[in-house]
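Enquirer: Chains as they are written, first to last, in my numbering: chain A, 4 to 385; chain B, 4 to 470.
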């Protein structure tokens, strides 16, 4: 028989972690890249419209490994058919680029960007890192402050229902071991340990946010998408960061009405625009349900600014009334394909109250800056 | 002895009987994540970098979702290392062992591997250790971003440097002075190649740096950059050495996989199998040779060409007998000769026939509007198109034209344009990496829309101008 010229072995690889370590570094870089591209990612359709899936895909370019290479789209490539291919056969079609839609991923030739999987929660955490409700004040109503009990200490005396079983057993084992008779047997009163609690009061400011959206006919799919992107993140952000924030959804065209969250995010409407209607409704709701003494009140309104011009003065009046009771009022104007000069924004230039903030959004990447502008906390709040 | 060892004994005996000549083999049975690590790094012992983590993540994800599977991995060294996936069935392992043996035979006998180090596992491990020390000394971030820059041009090496340099030297000294009388009537042809390199009005023409356009950017920068510290030069030369080591594997991918597939079929046919095993084997083999409309499968293409060569030399047609003096009965001898002498380019150029292109239904396709359409079915054009794509391992041919451009030590690179434009987005993102390595303004000349164009990066911003 020939000499053995092979060896078969099986080693212990459990400590071999190189791939994992470099993978973690890669993941870190992915997160950094996402952070840098938040403005684009925030308004990705796949996220705003995500169907409850936890993981979304976000395209990022900065993780490419750049090198000199040919333009893939200008090269000829080799392929293999099933026996019947003819010149001119289409073997693959690129997805057509819809409005602002990223390239789809898959098996197509020459995909050259990196797609990262990320959970919506992780993404939200990054987006919300620096955001907060501005001008938040401690309101009255201490009864709302939540009282919570936390077990923070272990003592030798206590009530029987609070015996800390684990610590007690550890004491038994320790004592037996010291006495040279190891094992778990014979619990004596000295071994008993009790948990003790402390009461903590968590003072939380109550806040209510009025989400106001123009759903009139002039708000096209793009404008609605932008407004909803903003509110999507706003709602998520408020629910992630604060326990006691209530959100009221108001939609309007010439008339305003309170809607459910679902209606707010899905239903369209048509007709003319009278923005003052929603401000009036907001004032009514505040008066009835949210006393400014007890609540931090915020109002955010998104519109394309195409308001009935006779209504503009009314709007200024109402906004001023809102500013009396609110910590902050934000107005976001989405600049559509048609440019008007007599938009609501121009009318609002008269308002000189520091609690009033106005932003203009021209495209999808404007959503993130708008969030940042509305929810930037003052220095001492951070 | 375990079942595996018994099986390997049989398989290797069979392989030797067929005439395969391979290095000794260390088989290691590993869990999936280990094999994927090795697959991502190309080697069990290589320096750390996030790009490997990215490759690993991708492979691992595909495995976790059952989209792809590496059954084995072989390292070109003496002895060869082969890693088998834990959980492979016995019959899977048998096929893989036969496949691995053929790879090891290929590594040992193909001419393009003659100069690869057979101790690369050890030198890569040593380099990885040094890199770790650099991280410790100069900081992880600094080392990482330097590696980022170095790998951006890692494909730009010259694997045939030794051969080319020697012949060029004589030639250069020969036409140092153009006005000398040519030695033969054809000697003036040499100067056509580089008429803009030498401005030879008198004998003391301006010295060029480099004297010849240099394809090995990695080497040129390592040797001539005034920016680099010793540890950085070390990283550059390690990455270059590793690229030179992987280069023959890249330029013989189709042959090597074809050869291994050919032999796993041949050897497994000789091994006794029961019905279930036969079916499993057939399934596995068909998975390996599955074809795709948008990619060429090197396993399939290589296998078919080897089988075709064997057939044509074993039983030549009357025409072949007469025209090429091929007596017949030389099938096996011929494929062993091909495995020793060719690389993918010459393999396709010499042995991809009209019949094969038609049988395999090979074609070229390209992008037209939103569609990728079949652009070429004519066999010679298909063959030539495939060869063109494989040239220089599919990387653009770029040389250092001038290492002292503008007399300010700037680096002037030139892309030898061969009909396909460079990816401009990538180009503009790569130049800053070259700047990191060179430390002064870098330029790259290429062609866009059939016009020469110069991209530059000066450390702050990039620019582009048509020449």
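Backbone N, C-alpha and C define an ideal beta-carbon position, used for all residues, glycine too. All values derive from a computational prediction rather than experimental measurement.
#1: With a threshold of 16 other CB atoms inside 10 Å of the CB of residue 289 of chain A, please say whether the residue is buried or exposed.
#2: Residue 36 of chain B: buried (16+ other C-beta within 10 angstroms of its C-beta) or exposed?
#3: Grouping DSSP H, G and I as helix and E and B as strand, with all else coil, what is residue 62 of chain A?
#4: Going by alpha carbons, who is nearest to residue 271 of chain B out of B/387, B/217, B/100?
#5: Contact between the region 449-456 of chain B and the region 81-99 of chain A: three or more CB pairs below 8 angstroms?
#6: Which chain A residues sit within Cβ distance under 8 angstroms of residue 101 of chain B?
#7: Who are the neighbours of residue 415 of chain B on chain A, taking C-beta pairs under 8 angstroms?
#8: I'd like to know whether the C-beta of residue 70 of chain A is nearer than 8 angstroms to at least one C-beta of chain B.
#9: Exposed or buried, residue 192 of chain A, counting other C-beta atoms within 10 Å across all chains shown (16 or more means buried)?
#10: If the criterion is Cβ atoms closer than 8 angstroms, does the pair residue 197 of chain A and residue 169 of chain A meet it?
#11: Residues of chain A with CB closer than 7 angstroms to the CB of residue 366 of chain B, please, in chain order.
#12: For a test of the three-state rule: what should DSSP assign to residue 425 of chain B, helix, strand or coil?
#13: Is there at least one Cβ from chain A nearer than 8 angstroms to residue 32 of chain B's Cβ?
#14: Measuring alpha carbon to alpha carbon, tell me which residue in B/467, B/297, B/434, B/139 is nearest residue 70 of chain A.
#15: Among A/75, A/294, A/313, which one has its Cα closest to the Cα of residue 325 of chain A?
#16: Determine, for residue 399 of chain B, whether the minimum Cβ-Cβ distance to residues of chain A falls below 8 angstroms.
#17: Using the Cα positions of residue 432 of chain B and residue 81 of chain A, report the straight-line distance between them to the nearest angstrom.
#18: Any beta-carbon of chain A closer than 8 angstroms to the one on residue 282 of chain B?
#19: Would you mind giving the Cβ-Cβ distance between residue 416 of chain B and residue 440 of chain B, rounded to the nearest angstrom? I have them listed as a contact below 8 angstroms.
#20: Could you please tell me which residues of the region 270-302 of chain B, in chain order, have their CB closer than 8 angstroms to any CB of chain A?
#21: Work out the CA separation of residue 129 of chain A and residue 25 of chain B for me, nearest whole Å.
#22: Give a yes or no on whether 8 angstroms exceeds the smallest Cβ distance from residue 121 of chain A to chain B.
#23: Please list, in chain order, the chain A residues whose beta carbon lies closer than 9 angstroms to that of residue 377 of chain B.
#24: Going residue by residue through the region 308-349 of chain B, where are the continuous alpha helix (DSSP H) segments of at least 4 residues, counting only ones entirely within it?
#25: DSSP puts residue 214 of chain A in a beta bridge; with which residues?
#26: Could you check whether the region 13-32 of chain A touches the region 56-68 of chain B, counting it as contact only if at least three pairs of C-beta atoms, one from each stretch, sit closer than 8 angstroms?
#27: For residue 10 of chain B and residue 82 of chain B, what's the separation of their Cα atoms in angstroms?
#28: If we count Cβ pairs, one from each stretch, closer than 8 angstroms, do we get three or more for the region 272-284 of chain B versus the region 356-372 of chain B?
#29: Does the region 228-239 of chain A come close enough to the region 264-272 of chain A that 3 or more CB-CB pairs lie under 8 angstroms?
#30: Under 8 angstroms between the Cβ atoms of residue 335 of chain A and residue 300 of chain A?
#31: Measure the Cβ-Cβ separation of residue 515 of chain B and residue 14 of chain B and say whether it is below 8 angstroms.
#32: Got a sec? Which residues, its chain only, sit under 7 angstroms from residue 257 of chain A by beta carbon, not counting five neighbours each side?
#33: Residues of chain B with a CB under 8 angstroms from the CB of residue 196 of chain A: which are they?
#34: Taking the alpha carbon of residue 89 of chain A as the point to measure from, which residue in B/132, B/360, B/391, B/444 has its own alpha carbon closest?
#35: Got a sec: is the Cβ-Cβ distance from residue 200 of chain A to anything in chain B below 8 angstroms?
Expert: To lay it out plainly:
#1: Buried: at least 16 other Cβ atoms inside 10 Å.
#2: Residue 36 of chain B is buried by the Cβ-count criterion.
#3: If DSSP states are grouped into helix, strand and coil, residue 62 of chain A belongs with the strands.
#4: Residue 271 of chain B has its Cα closest to that of B/100, out of B/387, B/217, B/100.
#5: The region 449-456 of chain B makes no contact with the region 81-99 of chain A, as fewer than three CB pairs between them are under 8 angstroms.
#6: The contact set of residue 101 of chain B on chain A, defined by CB atoms closer than 8 angstroms, is empty, because the minimum CB distance reaches about 12 angstroms.
#7: Residues of chain A whose Cβ lies closer than 8 angstroms to the Cβ of residue 415 of chain B do not exist, since the nearest Cβ in that chain is about 15 angstroms away.
#8: It does; some Cβ of chain B falls within 8 angstroms.
#9: For residue 192 of chain A, the number of other beta carbons within 10 angstroms of its own is below 16, and it is reported as exposed.
#10: In terms of Cβ geometry, residue 197 of chain A and residue 169 of chain A do not form a close pair [threshold 8 angstroms].
#11: Chain-order list of chain A residues neighbouring residue 366 of chain B: 82, 84, 88, by C-beta distance under 7 angstroms.
#12: In the displayed model, residue 425 of chain B falls within a strand according to three-state DSSP.
#13: At a cut-off of 8 angstroms between beta-carbon atoms, residue 32 of chain B makes contact with chain A.
#14: Considering only alpha carbons, the answer is B/434.
#15: When each option's Cα is compared against that of residue 325 of chain A, the closest is A/294.
#16: So, interface residue.
#17: Distance between the alpha carbons of residue 432 of chain B and residue 81 of chain A is about 28 angstroms.
#18: Residue 282 of chain B does not count as touching chain A.
#19: So it is not a contact: roughly 12 angstroms between Cβ atoms.
#20: Answer in chain order: 294, 295, 296, 297, 298, 299, 300.
#21: Cα to Cα, residue 25 of chain B sits roughly 55 angstroms from residue 129 of chain A.
#22: Taking Cβ atoms only, chain B never reaches closer than 8 angstroms to residue 121 of chain A, which makes this a no.
#23: Within chain A, the residues whose beta carbon sits less than 9 angstroms from that of residue 377 of chain B are 82, 84, 88, 89, 90, 91, 92, 93, 94, listed in sequence order.
#24: Listed in chain order, the complete alpha helix (DSSP H) runs (minimum 4 residues) inside the region 308-349 of chain B are 321-327, 334-344.
#25: Assignment of beta-bridge partners to residue 214 of chain A by DSSP yields A/252, A/303.
#26: Contact between the region 13-32 of chain A and the region 56-68 of chain B is present, because at least three Cβ pairs lie under 8 angstroms.
#27: Taking the straight line joining both Cα atoms gives about 20 angstroms.
#28: The count of Cβ pairs closer than 8 angstroms, one atom from the region 272-284 of chain B and one from the region 356-372 of chain B, stays below three, leaving the stretches out of contact.
#29: Touching, yes.
#30: No, these two residues do not count as a Cβ contact at 8 angstroms.
#31: For residue 515 of chain B there is no data in the structure shown, the boundaries of chain B being 4 and 470.
#32: In its chain, beyond the 5 residues on either side, 274, 275, 276, 277, 280 have a beta carbon closer than 7 angstroms to the beta carbon of residue 257 of chain A.
#33: Neighbours of residue 196 of chain A on chain B: none; closest Cβ ~43 angstroms, over 8 angstroms.
#34: Across the set B/132, B/360, B/391, B/444, the C-alpha of B/360 shows the shortest separation from the C-alpha of residue 89 of chain A.
#35: For residue 200 of chain A, the answer is no, since every Cβ of chain B falls outside 8 angstroms of its Cβ.
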